[in-house]
Amino acid sequence: MNRMAWYHWIVLSFSLVCLVRALDASAGDADPIYKACVEQCEKTGCVGRKCFQHCKFSSDGKPIDGPWYLQEPLYLQWKQWDCRSDCRYHCMISREEERQKLGDKPVKYHGKWAFQRVNGIQEPISVALSALNLAIQFHGWVSFFILIYYTLPLRPNKKTYYEFTGLWHIYGVLSMNSWFWSAVFHSRDVELTEKLYYSSAVALLGFTLILAILRAFNVRDEAARVMVAAPLIAFLTTHIMYLNFYNLDYGLNMKVCGAMGVAQLLIWTIWAGMTRHPSRWKLWVVVVGGGLAVLLEIFDFPPYQGFVDAHALWHASTIPLAYLWWCFVRDDAEFRTSSLLKKTK
Numbered sequence: 008m009n010r011m012a013w014y015h016w017i018v019l020s021f022s023l024v025c026l027v028r029a030l031d032a033s034a035g036d037a038d039p040i041y042k043a044c045v046e047q048c049e050k051t052g053c054v055g056r057k058c059f060q061h062c063k064f065s066s067d068g069k070p071i072d073g074p075w076y077l078q079e080p081l082y083l084q085w086k087q088w089d090c091r092s093d094c095r096y097h098c099m100i101s102r103e104e105e106r107q108k109l110g111d112k113p114v115k116y117h118g119k120w121a122f123q124r125v126n127g128i129q130e131p132i133s134v135a136l137s138a139l140n141l142a143i144q145f146h147g148w149v150s151f152f153i154l155i156y157y158t159l160p161l162r163p164n165k166k167t168y169y170e171f172t173g174l175w176h177i178y179g180v181l182s183m184n185s186w187f188w189s190a191v192f193h194s195r196d197v198e199l200t201e202k203l204y205y206s207s208a209v210a211l212l213g214f215t216l217i218l219a220i221l222r223a224f225n226v227r228d229e230a231a232r233v234m235v236a237a238p239l240i241a242f243l244t245t246h247i248m249y250l251n252f253y254n255l256d257y258g259l260n261m262k263v264c265g266a267m268g269v270a271q272l273l274i275w276t277i278w279a280g281m282t283r284h285p286s287r288w289k290l291w292v293v294v295v296g297g298g299l300a301v302l303l304e305i306f307d308f309p310p311y312q313g314f315v316d317a318h319a320l321w322h323a324s325t326i327p328l329a330y331l332w333w334c335f336v337r338d339d340a341e342f343r344t345s346s347l348l349k350k351t352k
């Protein structure tokens, strides 16, 4: 495999990470013992010795013991811990304990491994690592802000010499937004958090494509930037609205994001190979490191002790890569500012 083909594979795989969503039909939820447990729980409100208040449903799936505010405490309703989700969770945990005693391998339920809740958080390690990624993005953006406005010289009109300042500010905000919803989604997977998670990931990936084009081709004219960005923004807006208000099509979303990921990584790869930028090696590390990290998603494995799975480790790997990426951004700001100052002298 030649080098360019290798990078094609890396970015395609990396792009799939933000879109990966397992199918609803999994070996676990097809298990007759698990299904019987859930059905019994919904009738009796108990799994073994553990029972849930007002956990009874009619044949059409509606609670029969009064309105929603009588079914569960408000703080549980806010987290969407209804009777059905609790039945599924405790039946899943009970069934996995049985399988472990029999020496069987773990299986997925409704597209997810059997994670152990901690204070009601569905995937505590992924939530914590998403929060750390959010902190790294915040640190990177703030350090970039300080460098641009307080360390590097400004123009007489108080604007920066670096032509891409505004674009990196937008990138920082979108990145923090994406990791915030990642933490929320891994905390509790419901329809609303799922849509917000995927929408924010698509918006971030689409904007990084725009940013890659503008920076690699050094597009500085505002009219030219609008010509590049406008059709892509229109496409992204349409795609996000389609996912949210018409059909959350995971296959289509995967193809769209995969294409955007391949396109931008090709741009960064070619630019890094042609430029004499002093920090281009950092760009190479981020690209190759991201490709290696995605192997964790390809070779998925069940969570160790019910907490740490391959996806959680992928979240951990993105922390140093995000830090190095912002280092490159700051270096780029210094490099461009220094070059422009030399031209003005």
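Residues in the sequence shown are numbered consecutively from 8, following the working numbering.
Yeah, the Cβ is synthetic: ideal placement off N, Cα and C, and Gly gets one too.
Only a predicted model underlies this, so the values are computations on that prediction, with no experimental measurement involved.
{"Item": "Check this for me: beta carbons of Leu203 and Trp186, under 8 angstroms apart or not?", "Value": "no"}
{"Item": "I'd like to check one pair, Trp275 with Ser241: are the Cβ atoms closer than 8 angstroms?", "Value": "In the sequence as displayed, the identity of residue 241 is Ala instead of Ser. Not closer than 8 angstroms, so no."}
{"Item": "Please determine, among Ala138, Asp196 and Ala223, the residue with the shortest C-alpha to C-alpha distance to His117.", "Value": "Asp196"}
{"Item": "Any chance the CB of Val226 is under 7 angstroms from a heavy atom of the ligand GDP?", "Value": "This structure lacks the ligand GDP; in fact it carries no ligand of any kind."}
{"Item": "Give every residue of the same chain whose Cβ lies closer than 6 angstroms to the Cβ of Arg337, excluding the five residues on either side of it in the sequence, and list them in chain order.", "Value": "Phe151 and Leu154"}
{"Item": "For Lys119, which of helix, strand or coil comes out of DSSP?", "Value": "strand"}
{"Item": "Within a Cβ cutoff of 6 angstroms, which residues of the same chain sit near Leu159, ignoring the five residues on either side of it in sequence?", "Value": "Thr344"}
{"Item": "Hey, Gly213 and Leu239: beta-carbon distance below 8 angstroms or not?", "Value": "yes"}
{"Item": "Excluding the 5 residues flanking Leu243 on each side, which residues of the same chain have their C-beta closer than 6 angstroms to its C-beta?", "Value": "Gly213"}
{"Item": "By Cβ distance below 7 angstroms, which residues in the same chain neighbour Gln144 in space, the five residues on each side in sequence not counted?", "Value": "Gly179, Ser182, Met183, Trp186 and Ala329"}
{"Item": "Where does Val18 fall in DSSP's three states?", "Value": "Per-residue confidence for Val18 stands at a pLDDT of 45, beneath the threshold of 50, marking its modelled position as unreliable; no derived number is given."}
{"Item": "Determine the direct distance from the alpha carbon of Asp339 to that of Lys119, and round the result to whole angstroms.", "Value": "41 angstroms"}
{"Item": "Buried or exposed: Gln107, going by 16 or more other Cβ atoms within 10 Å of its Cβ?", "Value": "exposed"}
{"Item": "Tell me, which residues are paired with Thr167 by DSSP?", "Value": "Leu161"}
{"Item": "Can you check whether the CB of His193 is closer than 8 angstroms to the CB of Gln123?", "Value": "no"}
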